[in-house]
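Visitor:
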Amino acid sequence: MKVAVVGTGMIVRMVGPHLASWGWEVSDVAGTSLQKAQAVTQELGGEPHVDLGRMLALTCAEVVYVATPNHLHHEHVLRCLRAGKSVIVEKPLASNAREAEDLAREARERGLFLWEATTVYHQPNFKALRELLPRIGSVRLALLNYSQYSSRYDAFRRGEVLPVFDPKKSGGALMDLGLYCLAFAVGLFGEPSGVCYEANVQRGIDTSGVALLDYGDFKAVCACAKDSAAPLVQTIQGDDGYLSLRTPPSQVGPVTLRLNDGREETVDRNPQIQWESEFLEFAEDYAAGNAGLSRSREALELSLAVSRVQTRARQSAGIVFPAD
Numbered sequence: 001m002k003v004a005v006v007g008t009g010m011i012v013r014m015v016g017p018h019l020a021s022w023g024w025e026v027s028d029v030a031g032t033s034l035q036k037a038q039a040v041t042q043e044l045g046g047e048p049h050v051d052l053g054r055m056l057a058l059t060c061a062e063v064v065y066v067a068t069p070n071h072l073h074h075e076h077v078l079r080c081l082r083a084g085k086s087v088i089v090e091k092p093l094a095s096n097a098r099e100a101e102d103l104a105r106e107a108r109e110r111g112l113f114l115w116e117a118t119t120v121y122h123q124p125n126f127k128a129l130r131e132l133l134p135r136i137g138s139v140r141l142a143l144l145n146y147s148q149y150s151s152r153y154d155a156f157r158r159g160e161v162l163p164v165f166d167p168k169k170s171g172g173a174l175m176d177l178g179l180y181c182l183a184f185a186v187g188l189f190g191e192p193s194g195v196c197y198e199a200n201v202q203r204g205i206d207t208s209g210v211a212l213l214d215y216g217d218f219k220a221v222c223a224c225a226k227d228s229a230a231p232l233v234q235t236i237q238g239d240d241g242y243l244s245l246r247t248p249p250s251q252v253g254p255v256t257l258r259l260n261d262g263r264e265e266t267v268d269r270n271p272q273i274q275w276e277s278e279f280l281e282f283a284e285d286y287a288a289g290n291a292g293l294s295r296s297r298e299a300l301e302l303s304l305a306v307s308r309v310q311t312r313a314r315q316s317a318g319i320v321f322p323a324d
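So that you can map any letter, position 222 of the sequence shown is 222 in the UniProt record's numbering, and since no number is skipped, the others follow by simple counting.
Now the structure itself:
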C-alpha cells in the first residue's frame with residue numbers, strides 16, 4: 001500500500017524505516033523545507049515536496065500519514081480529507097474535542113478512513129488486558145503513570161520555547177504523554193463522568209500533572225510528566241486481584257494478573273516493534289473496504305472520547321490554546 005507522509009520529525013524517523021516490512025510504500029514526503037523532505041526520502045524513498053497542496057494533487061497514494069506538530073493536525077488532516085485521501089494522524093487527533101469532531105465529521109461524510117496513531121488500543125497486550133479485566137472482580141482503582149524527563153526540558157528551563165512546551169502549538173505533558181494514560185483508561189472503562197486535572201504549570205503550559213477520572217464506583221489516576229522521571233508501572237486494582245504492567249502505557253508491555261488467592265499469570269502477545277500492530281490493522285481495515293471502514297469508525301469514536309476527556313482535563317487546569 002502506498003502512503004504519502006506529511007512531516008519530517010522524530011516520529012517519522014522512528015516509524016518510517018519499518019513501514020516497508022509492514023507492507024507500506026512511501027510515495028511522497030512533504031516537509032517545511034525541500035532539504036528536510038529530501039533527507040527523509042533518501043532514507044524512506046518517495047518524492048520530496050514543500051507544498052502540501054501540490055503533493056496531494058500529484059501523489060498516487062490513497063492514504064496520507066500526518067506527523068506534524070499538534071496545532072497543525074486539524075489543518076493538515078482536513079486538507080488531506082478534502083483532497084479525497086484517507087488519513088493516519090499521529091496523536092493527538094487534534095488540539096481539542098471540537099477540532100477532533102470536525103475531522104471525524106469530514107471523514108464520515110466523504111466515506112474516508114481516519115485513524116489516530118495511538119498505539120495503546122492496537123497492542124495485542126491491551127486486548128489481553130481487556131480479556132483479563134473481569135477476573136480481578138470489581139475495579140476499585142486504576143493508577144497510570146507516564147513520567148519521562150524530556151530531552152527538551154533543559155532548553156525550556158533556559159527560557160527556550162520548543163513546540164512540546166508551547167501553548168501556541170498545543171503542547172504540554174497532558175497532550176503528549178498524558179494522552180496515553182487517558183487512552184488506556186478510556187479504552188478499558190469508557191468515558192468518565194467527572195474529570196479534573198491538577199497541573200504544574202510554567203509559562204502557561206503544563207510540564208507535569210495528575211488527572212483524576214471519576215467512574216462512580218471507582219477512580220482512575222493518570223499522572224504524566226515531562227519535567228521529571230519515575231518508574232513506569234500501570235496498575236488496575238480490583239477486589240479479587242490486580243493487573244499490572246511495568247512499561248509505559250504506550251507500549252502496553254507484558255500484563256501480569258495476580259489474584260487474591262495467590263495465583264499469578266503473565267501474558268505477552270506484543271510484537272517487538274511497538275508501532276507494528278497499529279499499522280498492520282490500518283492496512284487490514286483499508287483492504288477490507290466497507291467492513292474495515294466500520295471497524296475504523298469504532299476506533300475513531302474511542303479517539304473522540306479521549307479527545308473530549310483530554311479537553312475537559314486541560315480546561316479544568318486553566319490551560320488555553322489558540323485553537324480553543
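Note that the Cβ used here is the ideal one computed from N, Cα and C, for glycine as well.
DSSP three-state label for V186, please.
Guide: V186 falls in the helix class under three-state DSSP.
Visitor: Near residue 325, what residues of its chain come up, given a Cβ to Cβ distance below 6 Å and the 5 sequence neighbours on each side ignored?
Guide: It is not possible to answer for residue 325, since the shown part of the chain is limited to 1 through 324.
Visitor: Taking a contact to mean a Cβ-Cβ separation below 7 Å, would you say R312 touches V195 in this structure?
Guide: For R312 and V195, yes; Cβs fall inside 7 Å.
Visitor: Go through the stretch 67–113 residue by residue and report every complete run of the beta strand (DSSP E) that reaches 3 residues or more, in order.
Guide: Entirely contained in the stretch 67–113, the beta strand (DSSP E) runs reaching 3 residues are, in chain order, 86–90.
Visitor: Counting C-beta neighbours from all protein chains within 10 Å, is the total for Q234 16 or more, i.e. buried, or is it exposed?
Guide: So Q234 ends up on the buried side.
Visitor: Measuring only the C-alpha atoms, how far is T119 from L179?
Guide: Those two C-alpha atoms are separated by around 11 Å.
Visitor: For the UniProt domain "GFO/IDH/MocA-like oxidoreductase" (135–243), which segments carrying the alpha helix (DSSP H) assignment without a break, of at least 4 residues, lie completely within its bounds, in sequence order?
Guide: Listed in chain order, they are 153–157, 177–189.
Visitor: Counting Cβ pairs, one atom from each stretch, are 3 or more of them under 8 Å apart for the stretch 149–165 and the stretch 289–300?
Guide: No contact exists between the stretch 149–165 and the stretch 289–300.
Visitor: Going by Cα to Cα distance, which pick from L280, A220, G53 is closest to R139?
Guide: For the record, residue 139 in the displayed sequence is Val; it is not Arg. When only C-alpha atoms are compared, the closest one is A220.
Visitor: Going by other Cβ atoms of all chains shown within 10 Å of its Cβ, with 16 needed for buried, is G187 buried or exposed?
Guide: Flag for G187 reads buried.
Visitor: How many Å lie between R54 and Q274 at the Cα?
Guide: Using only the alpha carbons, I get a separation of about 32 Å.
Visitor: Would F218 count as contacting chain D if we go by Cβ distances under 7 Å?
Guide: This model lacks chain D altogether, as it is built from one protein chain only.
Visitor: So, using beta-carbon positions, are D206 and A173 closer together than 7 Å?
Guide: Going by C-beta atoms, D206 is nearer than 7 Å to A173.
Visitor: Between the stretch 132–151 and the stretch 106–113, can you find at least three pairs of beta-carbon atoms closer than 8 Å?
Guide: No, because fewer than three Cβ pairs between the stretch 106–113 and the stretch 132–151 fall closer than 8 Å, the two stretches do not touch.
Visitor: Going by alpha carbons, who is nearest to D239 out of V5, L44, A142?
Guide: Checking every option, the nearest Cα to that of D239 belongs to A142.
Visitor: Cα separation between P92 and R203?
Guide: Answer to the nearest angstrom: the Cα atoms are 22 Å apart.
Visitor: Any idea if A287 is buried or exposed, counting beta-carbon neighbours within 10 angstroms, 16 or more meaning buried?
Guide: So A287 ends up on the exposed side.
Visitor: Using only CA atoms, which one of H71, S95, R98, E62 lies nearest to I88?
Guide: For the residues H71, S95, R98, E62, the minimum Cα distance to I88 belongs to E62.
Visitor: On the DSSP letters alone, give me the boundaries of the alpha helix (DSSP H) that S296 sits inside.
Guide: Note, S296: alpha helix (DSSP H), 290–316.
Visitor: On the three-state DSSP scale, how would you describe S33?
Guide: Coil, per DSSP.
Visitor: For W115, which residues does DSSP report across the bridge?
Guide: W115 pairs with I88.
Visitor: So, K36 versus T8, is the Cβ gap smaller than 7 Å?
Guide: Result yes, Cβ atoms of K36 and T8 sit closer than 7 Å.
Visitor: Just to confirm before moving on: does the CB-CB distance between L44 and V66 stay below 7 Å?
Guide: Cβ atoms of L44 and V66: not closer than 7 Å.
Visitor: What does DSSP give as the partner residue(s) for K2 in the beta ladder?
Guide: The partner list for K2 (beta bridge, DSSP) reads E25.
Visitor: Is it buried or exposed for K168, if we count other Cβ within 10 angstroms and need 16 for buried?
Guide: The residue is exposed, with fewer than 16 neighbouring Cβ atoms inside 10 Å.
Visitor: Starting from the C-beta of R79, find all residues in its chain whose C-beta is less than 8 Å away, skip the five residues before and the five after it, and write them out in chain order.
Guide: L52, G53, L56, listed in sequence order.
Visitor: So, S170 versus N70, is the Cβ gap smaller than 7 Å?
Guide: Yes, these two residues count as a Cβ contact at 7 Å.
Visitor: What's the C-alpha gap between S193 and S316?
Guide: Cα to Cα, the separation comes out at about 14 Å.
Visitor: In this structure, how does DSSP classify E264 when only helix, strand and coil are distinguished?
Guide: Strand at E264.
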